[in-house]
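Below is one structure; the comments refer to it alone.
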Amino acid sequence: MENKTKKQIALNFQILFEAAPGLFLILKPDAPHFTILGASNAYLKATMTERGNIIGHGLFKVFPDNPDDHTATGTSNLRKSLESVLKNKIANKMAIQKYDIQRPKSEGGEFEERHWSPLNSPVLNEKNEVEYIIHRVEDVTEFVLLKQSSAREIELFKIETDEKLKNLNKQLFENVKQLESVNKELESFSYSVSHDLRAPLRAIDGYARILEEDYGKILDEEGNRLLEAVQYNAKKMGNLIDDLLSFSRLGKKELAKTNLNMNELFEGALYELNKSITHNARVKIEKLHPAKGDYGLINQVVVNLLSNAIKYSSKVKEPLVEISSEKTDSELIYLIKDNGAGFDMRYANKLFGVFQRLHTMDEFEGTGVGLAIVKRIMTKHGGKVTAEGERDKGAIFKFSLPIK
Amino acid sequence: MDNIEVEVLLVEDNPSDAELTIRALKKNNLANKVHHVKDGDEALDFIFAKGNYTNRKIENAPKVILLDLKMPKVNGIEVLKVLKADERTKKIPVVVLTSSKEDPDIQECYQLGVNSYVVKPVHFDSFLKAVSDLGLYWLLVNQAPK
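First to last, the protein sequences are chains F and Y.
The first sequence begins at 231 in this note's numbering and counts up by one.
The second sequence begins at 52 in this note's numbering and counts up by one.
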């Protein structure tokens with residue numbers, strides 16, 4: 231009964247071992263041969279071998295290196311690991327190995343790429359000698375290949391992205407260059423247009439003057455009126471060209487920033503305006519925050535906004551223009567408020583366009599370039615200009631400069 | 052032609068600019084001895100007494116030449132080049148009177164030895180003043196060679 235049980239158990243172990251869901255080999259510690267004594271079914275399947283063809287054969291005879299892979303280190307690493315197990319009598323876990331497996335001769339006999347994670351562990355007898363070595367492996371080929379291919383994909387993706395980025399950069403660079411040259415062309419175009427338009431205009435103005443000087447006395451009233459209209463329009467066109475010219479020159483101008491006493495700027499502008507136009511507006515200038523900017527350009531902004539406020543309030547009974555400033559964390563804001571004609575907020579977006587006007591020539595004269603110049607100067611300074619108004623209730627223009 | 056002493060040689064292809072220039076000179080009584088030629092070719096004929104001007108003498112040089120730059124056939128720069136390269140004419144004061152504010156033009160003219168470079172003012176008033184000022188200066192204030 232006892233014997234029978236033992237025998238039964240031994241038999242069961244053989245079957246159990248061979249059926250174990252893992253890749254196992256039992257090796258004889260007969261270095262350098264390491265004769266194969268047993269193999270699990272799963273091992274046979276994974277290595278495309280048959281039990282009858284490997285049992286009793288040396289491990290390295292059955293599994294040689296792939297002769298086509300000159301960098302193969304599978305056999306030498308495995309041998310080293312097995313020898314270390316013999317020597318140290320403790321298990322040795324190997325790093326993942328590339329160890330290619332040969333197909334059966336019937337299927338061509340070529341080698342297939344395989345990657346393994348092997349563990350070699352000794353089985354000791356009572357005398358503490360190595361009786362067997364259990365060689366257990368896991369087939370990690372799919373995992374390794376997947377890793378390799380995703381690494382390759384990432385590499386490819388990187389190369390592709392790099393290429394795309396380079397192209398985009400190149401395109402951007404070309405666009406910038408193109409834009410620069412277009413800008414330059416546009417500037418020199420508008421400059422020469424303004425300048426070339428000047429010559430005939432000078433002639434019109436000049437001949438009209440000569441006519442007036444030499445024949446003014448002969449012409450009747452209507453003749454003189456017509457002559458005046460010619461001169462008036464020549465002058466107006468001259469102003470338009472002047473404004474256009476200064477607008478186009480703004481593009482070229484480099485900013486020269488200095489500290490600006492804004493009170494001085496507004497008072498200076500008012501002084502000049504008082505000399506050139508007659509008006510009865512009361513102008514109140516509060517104490518203003520000092521600013522930083524290009525003196526000439528900010529002065530232009532001040533002159534344009536102040537003269538606008540005076541011009542558009544000139545038809546009310548008691549024209550009043552108030553200048554003040556505010557300071558926030560990020561910007562300095564200057565306000566120019568008047569109680570004049572104002573404007574319809576629906577057209578506020580048109581205020582700052584070139585040649586855009588919200589009033590007729592009969593109401594208020596102007597070329598429609600002044601506020602476009604203001605806007606361009608503010609943009610160059612990284613600031614902005616806005617306007618609020620209501621018809622016949624005055625307007626507030628605000629320009630702001632960033633604090634840096 | 053040969054007997055008349057020319058004080059100002061005006062080289063200008065634009066008839067309006069020429070007329071306005073002459074008028075400005077006239078206002079200062081400087082126009083009596085102005086001769087107007089319409090391009091660089093004619094200017095060189097006049098100065099070197101060739102073509103229609105064989106009766107002239109090179110020695111009777113004008114006191115000043117007012118030279119436009121943009122002209123058909125022979126332009127102002129070419130005229131300047133010839134004048135300043137020739138021993139007989141290099142001392143004649145040349146004032147470039149032009150619409151060109153282009154820096155390369157200005158550089159080249161001075162390189163060639165121009166005596167003055169004036170950009171025609173765009174406003175008629177300023178134009179009038181500029182022409183009479185430079186007329187007065189070159190004819191009355193400035194001491195000519197010889």
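In this text, a Cβ means the ideal position worked out from N, Cα and C, and glycines have one as well.
Buried or exposed (CB count within 10 angstroms, at least 16 for buried), residue 403/F: exposed
query: Taking the alpha carbon of residue 119/Y as the point to measure from, which residue in 184/Y, 130/Y, 173/Y and 175/Y has its own alpha carbon closest?
result: 130/Y
message: Which residues in chain F have a C-beta closer than 8 Å to the C-beta of residue 175/Y? List them in chain order.
response: Chain-order list of chain F residues neighbouring residue 175/Y: 432, 435, 436 and 439, by C-beta distance under 8 Å.
query: Any C-beta of chain F sitting closer than 8 Å to the C-beta of residue 150/Y?
result: yes
query: So, are the CB atoms of residue 300/F and residue 328/F less than 8 Å apart?
result: no
query: Using 8 Å as the threshold, is the region 578-598 of chain F in touch with the region 468-484 of chain F, meaning 3 or more CB pairs across them?
result: yes
task: Give a yes or no on whether the minimum CB-CB distance between residue 468/F and chain Y is below 8 Å.
output: yes
task: Pair every Cβ in the region 560-569 of chain F with every Cβ in the region 621-634 of chain F, then say whether three or more of these pairs are closer than 8 Å.
output: yes
message: In the DSSP output, what is residue 348/F paired with across the bridge?
response: 367/F
message: For the pair the region 509-518 of chain F and the region 538-550 of chain F, tell me if three or more CB-CB distances fall below 8 Å.
response: yes
field: Neighbour flag for residue 428/F against chain Y, beta carbons, 8 Å
entry: yes
- prompt: How big is the Cα-Cα spacing for residue 460/F and residue 440/F?
  reply: 13 Å
query: Do residue 348/F and residue 319/F have their CB atoms nearer than 8 Å?
result: No, the pair does not count as a contact, with Cβ atoms beyond the cut-off.
field: Exposure label - residue 107/Y; buried when at least 16 CB within 10 Å
entry: buried
Residues of the region 156-187 of chain Y with Cβ closer than 9 Å to any Cβ of chain F, in chain order: Taking 9 Å as the Cβ-Cβ cut-off against chain F, the residues of the region 156-187 of chain Y that qualify are 171, 172, 173, 174, 175, 176, 178 and 179.
query: Any Cβ of chain F within less than 8 Å of the Cβ of residue 62/Y?
result: no
Proximity below 8 Å, CB of residue 543/F to CB of residue 569/F: By the CB criterion at 8 Å, residue 543/F and residue 569/F fall inside the cutoff.
- request: Look up residue 67/Y in the DSSP assignment and say whether it is helix, strand or coil.
  value: helix
- prompt: DSSP three-state call for residue 451/F: helix, strand or coil?
  reply: helix
- prompt: What did DSSP end up calling residue 334/F once you bin it into helix, strand or coil?
  reply: coil
query: Any residues in the region 72-86 of chain Y with a beta carbon nearer than 7 Å to a beta carbon of chain F? Which ones, in chain order?
result: 74
Residue 529/F: first and last residue of the uninterrupted alpha helix (DSSP H) it sits in: Going by DSSP, residue 529/F is part of the alpha helix (DSSP H) stretching over 525-542.
- request: Using the DSSP secondary-structure output, state which residues sit across from residue 550/F in a beta bridge.
  value: 512/F
- prompt: Under three-state DSSP, which class holds residue 112/Y?
  reply: DSSP places residue 112/Y in coil when its eight states are reduced to three.
message: Please return the same chain residues whose Cβ sits closer than 8 Å to the Cβ of residue 54/Y, not counting the five positions on each side in sequence.
response: Confidence is the limiting factor: at residue 54/Y the pLDDT is only 49, short of 50, which leaves the residue's position unreliable and the question unanswerable from this model.
message: Between 88/Y, 111/Y and 116/Y, which has its C-alpha nearest residue 103/Y's C-alpha?
response: The alpha carbon of residue 103/Y has as its nearest neighbour, out of 88/Y, 111/Y and 116/Y, the alpha carbon of 88/Y.
query: From 248/F, 491/F and 288/F, pick the residue whose C-alpha is nearest to that of residue 263/F; which is it?
result: 288/F
field: DSSP three-state assignment for residue 560/F, whether helix, strand or coil
entry: Note: residue 560/F maps to coil in three-state DSSP.
- prompt: Closer than 8 Å, CB to CB, is residue 445/F near chain A or not?
  reply: The chain inventory of the structure shown lacks chain A, comprising the protein chains F and Y.
- prompt: Going along the chain, which residues of its own chain have a beta-carbon closer than 7 Å to the beta-carbon of residue 281/F, five neighbours each way excluded?
  reply: Excluding sequence neighbours, residue 281/F sits near 269 and 274.
message: Does the CB of residue 118/Y have a neighbour CB from chain F at under 8 Å?
response: no
query: With a CB to CB cut of under 8 Å and the five nearest residues on each side skipped, what residues in its chain are close to residue 330/F?
result: 295, 296, 299, 302, 304, 341, 342, 343 and 344
- prompt: Buried or exposed: residue 619/F, going by 16 or more other Cβ atoms within 10 Å of its Cβ?
  reply: buried
- prompt: When the Cα of residue 62/Y is compared with those of 95/Y, 154/Y and 159/Y, which residue comes out closest?
  reply: 95/Y
field: Those residues which DSSP pairs with residue 489/F across a bridge
entry: 522/F
task: Going by DSSP, name the residue or residues bridged to residue 362/F.
output: 353/F
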